[in-house]
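Notes for the one structure printed next.
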Amino acid sequence: RPNPIIGQALLLDGDGVPMGMKMYPGNESEQPKIREVIKELKETHNIKGRTIQVADKGLNSGDNIYAALKESDGYIFSQSVMKLPEKEKNWILLENDYREIKNNEGEVIYKIKSCIDDFPIRVTTNGKKVSIDVTQKRVVTLNIALREKKLIEINKLIEKAKSMCASQAKKSEYGESSKYVDFKDENGEKAIASINYSKIEEDRKFAGYNLIVTSEIKMSDEEIYKVYHNLWKIEDTFRVLKSELDSRPAFMQTAEGIYGHFLICYYAVALLRLTEIKIFKGQYSTYELIDFIRNLELFKTKTQIANLTKASPIVTDISEKLKIGINHLYLNEKEVNRFFKVKFKI
């Protein structure tokens with residue numbers, strides 16, 4: 016089925032280790048789930064301290080911001096640049112106040128600037144949406160490499176849109192390039208497809224820009240940028256779940272069966288992340304650890320146990336670190352049993 020029948024929410028700590036999971040029906044909005052999973056986690060583990068929620072623009076809503084502030088928590092969310100009022104868009108495009116961040120070779124990686132002010136958010140009160148002002152720090156960045164990449168992608172979509180218009184293709188054939196095409200006239204009536212040049216100009220102007228909104232007004236711009244960009248760990252965790260742990264497709268029908276399947280996958284990825292981050296201190300990626308586990312191969316004969324595991328630097332290193340002979344050609348029962356008795360303190 017092209018539409019999701021189930022959604023999975025994951026909560027990670029600052030190191031990227033999964034701390035909580037919540038399953039929900041695929042026809043429900045994901046936005047309230049961050050509030051629910053954090054509330055459940057705090058209640059389960061009796062967490063009293065202040066937390067800072069980090070999420071992309073999909074979870075950035077007035078209700079989520081208000082809920083975090085009401086609990087004396089903080090937030091760092093990205094926000095769509097294209098949906099900003101014109102005044103804020105103009106501020107983003109102004110060259111003044113941007114600082115250049117360079118790499119060790121002196122090349123500019125990105126530009127950054129910020130401001131602190133009161134901004135309106137829409138929150139739900141008694142079933143109605145009302146506007147309230149909250150003090151926010153807004154950090155805008157211009158990523159040079161990302162801008163170049165985005166401009167290339169835009170140009171490809173433009174060429175496809177022009178080609179589709181010339182051949183009078185159906186709207187369904189345009190794909191993503193349809194955002195640069197008008198299919199209706201000024202009166203909203205169906206018309207011959209034409210290129211929307213104002214949309215193209217707008218996308219080109221803001222290619223490579225990213226806006227982060229946060230309650231952490233005392234945190235430096237660079238620290239906010241760094242914390243937000245750790246979100247790649249969430250995407251990578253879902254990638255591990257899907258590609259390495261076969262979390263989907265799921266061939267269960269009952270709610271209990273579906274939840275049980277994803278719970279096992281969640282435990283597996285949590286253990287892998289703990290191994291990667293806490294035990295090996297990030298020396299090996301989750302993918303390397305999975306390959307290591309899958310490539311372990313022993314063959315037992317009447318007299319001995321042959322180790323068929325392919326030799327590699329990671330096999331030798333882990334063997335030395337854990338003091339188990341997985342790099343030996345032949346093993347005895349005692350050595351094999353030692354594999355399953357290794358304990359870690361985290």
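The opening residue of the sequence shown carries number 16 in my numbering; numbering runs sequentially from there. Beta carbons: idealized from backbone N, C-alpha and C, even for Gly. These numbers come from a predicted model, not from an experiment.
Applying the 10 Å Cβ sphere with the 16-neighbour rule, what's the burial state of Lys48? buried
Sequence-distant residues of the same chain with beta carbon closer than 6 Å to Ala283, five excluded per side: Leu260
Tell me the residue span of the beta strand (DSSP E) that contains Gly89. 89 to 94
Separation of Tyr224 from Val196, as counted between CA atoms: 23 Å
In this structure, how does DSSP classify Asp28 when only helix, strand and coil are distinguished? coil
Which residue comes first and which comes last in the alpha helix (DSSP H) that contains Pro47? Element bounds for Pro47: n/a, residue is neither H nor E.
Can you tell which of Glu55, Gln68, Asn42 has its C-alpha closest to the C-alpha of Ser93? Gln68
Local conformation of Phe295 per DSSP, three classes: coil
Under the rule that 16 or more other beta-carbon atoms within 10 Å means buried, what is Glu120, buried or exposed? exposed
Compute the beta-carbon to beta-carbon distance between Val351 and Leu313, rounded to the nearest angstrom, for a pair I have assumed lies under 8 Å. 7 Å
Simplified DSSP assignment, three categories, for Val357: coil
Please classify Thr229 as buried or exposed, where buried requires at least 16 neighbouring CB atoms within 10 angstroms. buried
Taking the Cβ atom as the reference point for each residue, do Arg288 and Gly31 lie within a distance shorter than 8 Å? yes
Below 8 Å CB to CB, which residues in the same chain sit around Tyr302 once its five sequence neighbours on both sides are set aside? Val255, Glu259
Less than 8 Å between the CB atoms is what I'm expecting for Ser192 and Lys220, so what's the real figure, rounded? That belief does not hold up - the Cβ atoms of Ser192 and Lys220 are roughly 19 Å apart, past 8 Å.
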